[in-house]
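Numbering (our numbering), first residue to last: -19 to 238.
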């Protein structure tokens, strides 16, 4: 229990440090790390996003139409409420955890056990400023971009499949979707994706610079801890968002008082 408290305290301190010191991105070396992290997390992941996003959107719509005998109105609502608001941000976050969370934790753990972090301190360079700040902010922005990309692909794939199965035109599907959707839906998903990405970055950096030992065996342990805790954090944040926005979470288990 004490270990869990220390880990939570450490991640909160790191998050506070990132918020206080985000201005270090003006420094050229830090800005270079920031751009590199955005490219690795965002641009290099788009190939896998296309297939998975389209697959998820079409599978959800196919299942709903088959089981519920959905019409155009229900299909559009499922695309909006399930795919756009919930599934899109979660898929992007899971992909970021798998790729960037693991990579960041492994990289920083290797730097720690090889003495590179100590060398930075000897040169009076704060490792958190140089390593954590650009990675956390880069992952947060890249995750936001990936979320929008996933939503576009998943909703587009779902609309195409719905138009074929429900026997309606794609224009009618798109018109119904944009009539029901609002700018708040986009704001909601962007806010979630930024917070998801920041949480993933903070947790990956924390476990990377605090591996459970000084041997090479500590590196995979740090990566596993980062992936596990980041996944749990994303799920808890998603529950919190659902509770704050909809007034209930976990299928009505937690309900806001009226």
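For each residue, glycine too, the CB sits at the ideal point set by N, CA and C.
**Study point:** Three-state secondary structure (DSSP) of residue 196
**Key:** Position 216 of the chain shown holds residue 196. DSSP places residue 196 in coil when its eight states are reduced to three.
Exercise for review: Quick one: grab the DSSP three-state call for residue 118.
Suggested key: Locating residue 118 in the chain shown gives position 138, where the first residue counts as 1. DSSP places residue 118 in helix when its eight states are reduced to three.
Review point. Exposed or buried, what is residue 238 when buried is set at 16 or more other beta-carbons lying within 10 Å of its beta-carbon?
Key: The residue labelled residue 238 in the question sits at position 258 within the chain shown. For residue 238, the predicted structure reports a pLDDT of 43, less than 50, and the residue's modelled location is therefore unreliable. A value from the coordinates is still provided. It counts as exposed.
Point to revise | Top-ranked residue by Cα proximity to residue 22, from 124, 218, 206, 185 | key: Position 42 of the chain shown, counted from the start, is the residue given in the question as residue 22. Among 124, 218, 206, 185, the Cα nearest to that of residue 22 is on 124.
Review point. Given 8 Å as the limit, is there contact between the region 214 to 224 and the region 112 to 120, that is, 3 or more CB pairs closer than that?
Key: no
Point to revise | Spatially closest choice to residue 118 from -7, -3, 12, -14, by CA coordinates | key: Residue numbering aside, residue 118 sits at position 138 when the chain shown is read from its first letter. For the residues -7, -3, 12, -14, the minimum Cα distance to residue 118 belongs to 12.
Review point. Where does residue 43 land, buried or exposed, given buried means 16+ other C-beta within 10 angstroms?
Key: Mapped onto the chain shown, residue 43 falls at position 63. The residue in question, residue 43, is exposed, as its Cβ has fewer than 16 Cβ neighbours within 10 Å.
Review point. Any idea what DSSP makes of residue -1, helix, strand or coil?
Key: Numbered from its first residue, the chain shown carries residue -1 at position 19. In this structure, residue -1 counts as helix in the three-state DSSP scheme.
Review point. With a CB to CB cut of under 7 Å and the five nearest residues on each side skipped, what residues in its chain are close to residue 18?
Key: Reading the chain shown from its first residue, position 38 is the one you call residue 18. The answer, listed in chain order, is 118, 121, 122.
Check your understanding: With DSSP run on the structure shown, which of helix, strand or coil describes residue 190?
Key -> The residue you call residue 190 lines up with position 210 of the chain shown. In the structure shown, residue 190 sits in coil (DSSP, three-state: anything other than H, G, I, E or B).
Point to revise | Element boundaries [alpha helix (DSSP H), containing residue 88] | key: Along the chain shown, read from residue 1 onward, the residue named residue 88 stands at position 108. Residues 82 to 93.
Practice item. Using three-state DSSP, classify residue 124 as helix, strand or coil. Key: Position 144 of the chain shown, counting from 1, holds the residue named residue 124. Helix at residue 124.
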